[in-house]
Amino acid sequence: MEVLSFIWNYGIMFLVVLTILVFVHEMGHFLLARRNGVRVEVFSVGFGPEIFGRTDRHGTRWKFSAIPLGGYVKMFGDAGAASTPGDGLSQMSAADRAVSFHHKRVGQRMAIVVAGPMANFLFAIVAFAFMFMVYGQPYSTPVVLEVAPDGAANEAGMKPGDRIIQLEGAAVERFEDVLGAVIINPGKPLHMVVQRAAAGEPEKFETHEIVLTPRHVKVEDRFGNVHTIGRMGVIHGGYEYRRHTPLKAVWEAVKETVGSIEKTLGVIWQMIKGERETTELGGFLGIAQMTGQVVQENFVTVLWFMAGMSISLGLINLFPIPMLDGGHLLYYALEAVRGRPLGERAQEYGFRVGLALVLSLMLFATWNDLVRLRVVDFVKNVLS
């Protein structure tokens with residue numbers, strides 16, 4: 019029974035979550051392609067040989083394929099799943115040109131490509147908005163209750179009772195806004211404005227500008243992953259969950275999604291600059307491990323996890339790497355500037371480089387997973 023439970027939680031549920039997010043992504047491409055008059059030949063969840071599928075009345079083959087780690091939409095005129103131009107585009111009839119992806123205006127092609135990541139972001143917004151309406155949004159007031167004597171906040175001059183009202187020039191509504199910035203910026207000075215009761219006149223308040231530099235701290239999350247984060251050294255008020263009206267929930271969901279994108283890009287930039295260890299990158303094994311633990315909790319946790327995963331999927335696909343949506347956008351942007359597409363050889367080399375980069379990143383992330391899950395240590399012990 020334990021083996022079956024492990025397979026269900028860490029295998030099947032991972033594939034279910036991934037399939038939903040891939041379906042959302044590819045549906046974004048599909049819907050905008052159809053809206054722009056492009057004939058879609060294949061909508062596949064997964065790669066490789068088809069397991070099962072059906073063909074709809076428009077001629078689109080909807081199918082599940084043998085390797086369930088992604089998916090694709092093949093449009094008329096594509097050479098394959100990577101959406102590279104097929105042979106014979108210049109010899110197409112007028113009727114075929116009208117439904118060919120590669121004969122659409124460059125702006126239409128860019129919109130179709132970007133629709134996939136946008137669908138992932140929209141999924142996250144809908145998920146967050148649903149949670150904020152039904153279950154409530156995590157909320158705690160940005161008031162400091164205690165200051166650790168040896169922490170960064172005390173060093174910056176923060177006092178118990180201070181209310182943080184600004185962070186890097188932006189208004190602060192929740193302590194979560196401060197916490198998110200502190201966590202991803204260890205060692206980086208953060209400019210804050212706090213509101214403090216005036217000395218001897220507690221009914222009056224003064225504002226003070228402080229510069230807080232979060233301390234570097236290594237922590238292990240509940241999935242066993244080690245991260246370097248920033249810590250300010252304070253205790254704040256307890257959490258509560260505030261339910262919102264539909265309009266307010268959508269607005270807060272948009273802010274949550276944008277904030278998550280900014281934090282992710284910030285972490286990636288820190289890795290590029292060498293300020294954060296690349297060992298924090300995780301691959302499919304790490305995601306499967308997290309999925310398996312999350313699905314054993316409750317629906318809200320699973321939905322929050324899926325929203326975060328959807329944002330990551332959309333964001334990764336926007337990176338300007340050939341083979342990814344961002345690589346196609348880069349090609350089309352160059353076409354818009356040049357007035358003509360890149361040559362076939364240049365695109366082919368670009369896709370080869372992109373494939374090598376993607377495979378290298380996957381191998382590196384998988385290696386991190388194996389080290390983190392102590393599989394490498396296990397193999398070394400067996401062979402020694």
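Just so it is clear: in the sequence shown, position 315 is 333 by our numbering, and no numbers are missing.
In this text, a Cβ means the ideal position worked out from N, Cα and C, and glycines have one as well.
Just the Cα atoms here: how many angstroms apart are residue 279 and residue 143?
12 Å
Would DSSP call residue 190 helix, strand or coil?
Residue state, collapsed to three classes: coil.
Taking the continuous alpha helix (DSSP H) assigned at residue 146, which residues delimit it?
124-152 is the extent of the alpha helix (DSSP H) around residue 146.
Among the candidates 136, 320, 123, whose CA atom is the shortest distance from the CA of residue 333?
136
Drop a sphere of 10 angstroms on the beta-carbon of residue 69, count the other beta-carbons inside from all chains shown, and report buried for 16 or more, exposed for fewer.
exposed
Near residue 160, which residues of its chain fall below 8 Å by C-beta distance, leaving aside the five closest residues on each side in sequence?
181, 182, 183, 190, 191, 192, 193, 195, 196, 254
So what does DSSP say about residue 57, is it helix, strand or coil?
coil
Do you know whose CA, among 263, 125, 102, lies nearest residue 152's CA?
263
Where does residue 72 sit, in a helix, a strand or coil, going by DSSP?
In the three-state scheme derived from DSSP, where H, G and I count as helix and E and B as strand, residue 72 is classed as strand.
Could you give the distance in angstroms between the alpha-carbon of residue 397 and the alpha-carbon of residue 369?
Annotation note: pLDDT 43 at residue 397 (below 50); position unreliable, coordinate value reported separately. Rounded to whole angstroms, residue 397 and residue 369 show a C-alpha spacing of 35 Å.
Inter-stretch contact (C-beta, 8 Å, three-pair minimum) for the stretch 351-367 and the stretch 72-83:
no
Is residue 351 a contact residue of the ligand MN, with contact defined as CB to any heavy atom under 7 Å?
Because no ligand of any kind appears in the structure shown, any question about the ligand MN cannot be addressed here.
Span of the alpha helix (DSSP H) around residue 93:
Where residue 93 is concerned, there is no enclosing alpha helix (DSSP H), although the beta strand (DSSP E) it sits in stretches over 79-93.
Span of the beta strand (DSSP E) around residue 258:
258-260
Could you give the first and the last residue of the continuous alpha helix (DSSP H) run that contains residue 336?
Run containing residue 336: none; DSSP gives neither H nor E here.
Give the DSSP-derived three-state secondary structure of residue 102 in the structure shown.
coil
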